[in-house]
Amino acid sequence: MLFPLRISPSIDHPLLGIFAALMSSHFTPIPYPRLPANTDAIRVLTVEPGDFLSPLVCTLAPAAFRDKPKYVALSYTWGNSHPSPVSLPTAHNKRPKQPNAAPRVDPDHVTVPITVNDHAFGIAPNLHAALVHLRSPTHPLPIWADAICINQHDTEERNQQVSLMSFIYSRAVQTVAWIGAKGFPSIASQSESRTMAVEWKIGRTQLLAEALTGATKMRYSLHQPDPVTHARIGESAYWTRLWIVQELCLPRLIAFVYGANIWMYDNFREWVFMPTTAPDPVPRSVVESHAPMLRLLQLRDKRHSDVMRLESLIERFANSRCSELRDRVYGLLGCANDVRPFVGQDEKADSLPKYIDSLSTRLTTPLPDLRRGMGALRVDYSRSFEDIWTNVVQFAYFQAKSVQPPVKVILDRLGSNEERCLSIVRMSGVVQEALGQKVEDELSNVARQMEQSPDPAVITAVGYIAGEITALGPSYNSLVASSRAQQEWTSCWTNHYPQPDDLEKIRQINEEYEARILGFETSDTERIRAIRHPQVAAWRVARGSQRPDTSGVTYSAQYEKTWASMDTDEDTIEGPRMFLGYNYAVGMVPSEARVGDIIVRFWNCDAAVVMRPLDGTLTIDGREAAKNENPPFMLVGRADIAEVDDRNLKPGRDQYAEGCLEHNPSAEHRGRRPGPVFIDLSMRVLQAITASITT
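Residue 28 in the UniProt record's numbering sits at position 28 of the sequence shown, and the numbers go up by one each step.
Below you can see the structure in the form of structure tokens.
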């Protein structure tokens with residue numbers, strides 16, 4: 001029995017736009033033919049022959065990859081390709097008798113009825129236009145289009161099919177990229193469809209189905225697009241859709257279709273890049289509107305290189321359009337060359353959680369290090385954003401391919417295996433941004449529980465000491481509300497920066513910083529807070545310095561004593577407060593911070609924490625121990641700090657961080673002066689210090 005479509009607002013869907021459109025159209029879901037069990041398979045849509053303006057009639061049948069099915073994979077955008085889309089008449093598409101069908105009521109999710117296996121099926125106008133242009137008047141066209149071939153109402157099937165994306169596009173005879181229907185600005189709208197029909201009859205797209213049979217060789221369009229066509233192609237929304245990344249990079253053969261024109265990839269690419277190499281300057285507006293297209297075509301050229309690592313792809317396409325935020329990870333797994341997507345259970349993929357468990361329990365004989373470039377990620381749209389973020393960050397840290405950031409001299413000093421330590425904090429922030437900061441939203445109700453039951457520290461990052469706090473100022477609220485508080489704060493700087501040049505620079509830095517924090521929302525200031533976690537500790541990257549035993553009696557006693565003194569300190573004020581420090585450090589720290597604390601930052605991002613040196617005299621086994629020349633540091637909380645220099649002067653570089661990471665302080669000031677540090681982090685602390693950071 002078929003039931004009218006219903007959707008629960010608490011359920012997430014990978015192709016939410018498609019799902020919403022189907023819901024608003026009130027079509028009864030078609031009875032999908034079952035996919036064969038225990039084998040990789042898809043459904044292939046066969047578009048029956050017909051004229052351009054005749055109804056679209058199709059059949060849908062399962063096909064196992066072991067049977068080597070021949071089909072075209074369609075790459076397209078579900079929504080309109082252009083702001084003013086060309087419309088085709090659809091009144092002639094008579095629906096089969098279907099008592100549950102009803103008129104559309106939601107203009108934002110318009111669907112067009114076609115016939116699939118003798119049932120009415122609603123698809124987006126842009127997909128409808130693509131199928132009409134690719135249809136042959138004489139030969140059936142086998143094609144794969146996700147919106148039709150995947151049962152969008154079956155979460156388990158969606159998970160499984162998404163994990164097969166690389167297989168689906170790489171096994172297709174060819175991929176066809178539908179850029180959109182040709183525009184006819186000088187023709188009345190009622191005549192557009194007739195004009196398109198004429199162009200279709202003399203065009204090359206209708207030849208594709210016949211060429212697939214092998215009876216004839218495909219004849220592609222050879223003429224170069226005129227300037228108007230070139231501009232419209234570059235402005236298509238096709239290039240901004242996240243799923244397009246893998247749909248362009250996975251196929252061996254790909255052709256681009258615009259209206260009735262179909263171009264081979266090599267010719268299309270040559271014509272697209274021609275304006276950028278022409279002697280006449282290209283208008284800036286054209287360059288900006290074509291940037292997404294150029295970026296994707298350049299990426300395809302490098303699809304076999306390390307540019308296709310998962311973490312690089314997530315960062316590059318963190319703001320690409322998609323209806324489901326989880327797709328900013330899942331939608332890139334197929335083309336990432338250092339990860340294997342899977343669904344359900346996979347014994348080979350269990351090595352990562354087992355390894356992390358061995359670290360968290362601090363086994364005396366931990367498991368051997370995981371192999372790099374041999375990871376796997378589970379595709380499951382029912383998973384929380386926190387789970388997805390955790391898996392991606394742990395994958396990037398433990399299993400992703402090694403790649404050296406542009407700080408080779410630092411890596412030479414730290415060791416070639418430390419690149420993961422150098423970039424993991426930045427990577428954590430990148431993934432949170434890609435997931436729309438939903439990880440923070442999910443954890444907001446449990447953030448404080450971390451202090452009662454801290455999670456184990458399993459990540460070791462490399463940071464650098466950016467300065468020592470020399471003065472504490474007013475609270476954020478006082479600075480914003482009180483002129484006197486601001487004046488008293490700035491007037492004390494001469495005590496710490498007596499040289500005119502230094503004072504001038506600190507004033508310039510503070511001016512920019514105050515302008516930025518005036519735009520802070522409550523959520524921004526609430527992130528600058530104390531974080532209690534005894535296992536999060538730092539130590540210098542220096543000879544004679546070693547990881548502190550955070551589970552030992554000595555460390556635990558001093559940790560608890562330090563927090564107890566903060567809890568009873570009368571100097572505590574409400575909310576974050578301003579601070580000034582060595583190395584032109586200006587920013588905000590939790591109210592628990594004190595003069596003498598240090599600020600630790602991380603490479604190529606603005607994540608920062610405030611830490612306290614544990615350099616007092618300790619008693620060990622009843623005996624007084626010598627004062628540590630390289631003391632460890634305990635976590636106090638998250639900080640916010642002004643940029644001393646512009647990190648974006650050189651893309652991919654952070655010259656200020658590189659200078660601090662290379663700094664080798666004298667023994668006299670080794671405890672607090674700039675220099676690299678290792679810092680053990682738990683996943684919850686890593687999330688807390690990288691939510692909404694700037695990279």
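For every residue, glycine included, the Cβ atom is placed at its ideal position computed from N, Cα and C.
As the structure is a prediction and not an experimental result, all values here were calculated from the model.
In this structure VAL589 is not in contact with ARG601, their Cβ atoms being roughly 13 Å apart against a cut-off of 8 Å. Each residue's CA atom was taken as its position, placing LEU681 and THR460 some 6 Å apart. Per DSSP, ASP67 is not a residue of any alpha helix (DSSP H), being assigned neither H nor E. Classified as exposed, THR568 has fewer than 16 neighbouring CB atoms from the shown chains inside 10 Å of its CB.
Between ALA542 and ASP501, the alpha-carbon positions lie close to 32 Å from each other.
Nearest to THR494 by C-alpha distance, out of ARG484, ALA485, SER482, ARG507, is ARG507.
Under the 8 Å Cβ criterion, the stretch 303–311 counts as touching the stretch 387–396, having at least three qualifying pairs.
Taking all protein chains shown into account, GLN206 has 16 or more neighbouring C-beta atoms within 10 Å of its C-beta and is therefore buried. Secondary structure note for PHE52: it is in no alpha helix (DSSP H), with a DSSP letter that is neither H nor E. With contact defined as three or more Cβ pairs closer than 8 Å, the stretch 112–125 and the stretch 43–59 are in contact. Here DSSP, grouped into helix, strand and coil, assigns ASN261 to strand. For VAL307, the three-state secondary structure derived from DSSP is helix. The stretch 415–489 contains, as complete beta strand (DSSP E) runs of 3+ residues, the segments 457–475 (chain order). Under the three-state reduction of DSSP output, LEU352 falls in the helix class. The alpha carbon of GLY50 has as its nearest neighbour, out of SER136, TYR32, ILE528, ALA457, the alpha carbon of SER136.
In the three-state scheme derived from DSSP, where H, G and I count as helix and E and B as strand, TRP539 is classed as strand. For VAL685, there is no enclosing beta strand (DSSP E); the enclosing alpha helix (DSSP H) covers residues 683–690. Proximity to GLU662 across GLY675, ALA376, LEU580, SER191 peaks at GLY675, based on C-alpha coordinates. Selection GLY375, LEU435, TRP489 evaluated against PHE385 yields LEU435 as nearest (Cα-Cα). Pairing TYR32 with ASN151 gives a Cβ-Cβ distance under 7 Å. Along the length of the stretch 544–581, whole alpha helix (DSSP H) runs at least 4 residues long occupy 553–568, reported in chain order. The beta carbon of ASP640 is closer than 6 Å to those of ILE528, GLY587, MET588 in its chain, skipping five residues each way along the sequence. Annotated as proximal: GLU315 and VAL430, with beta-carbon spacing under 7 Å.
Under the three-state reduction of DSSP, PHE273 is assigned to helix. Below 8 Å, too few C-beta pairs join the stretch 235–244 and the stretch 156–164 to call them touching: fewer than three. By the C-beta criterion, the stretch 591–599 is judged to be in contact with the stretch 457–472, since at least 3 inter-stretch pairs fall below 8 Å. In this structure, ILE388 and ARG326 form a Cβ contact; the two beta carbons are roughly 6 Å apart against a cut-off of 8 Å. According to the DSSP assignment, PHE317 belongs to no alpha helix (DSSP H), since it is labelled neither H nor E.
Listed in chain order, the non-local C-beta contacts of ALA64 below 6 Å within the same chain comprise PRO36, THR39, ALA41, local neighbours out to five positions each way being set aside. A distance below 7 Å between beta-carbons, with the five flanking residues on each side excluded, links ARG516 to no residue of its chain. By the Cβ-count criterion, ARG295 is exposed, with fewer than 16 other Cβ atoms from all chains shown falling within 10 Å of its own Cβ. When the Cα atoms are used, THR155 and ASP146 turn out to be separated by approximately 14 Å. ALA537 and THR554 do not touch by the CB rule: their CB atoms are close to 13 Å apart, not below 8 Å. Judged by beta-carbon spacing, VAL458 lies within the 7 Å limit of SER360, meaning their Cβ atoms are closer than that value. No Cβ-Cβ contact shorter than 7 Å links ILE689 with VAL610. As DSSP reads the structure, ASP640 sits in a beta bridge with MET588.
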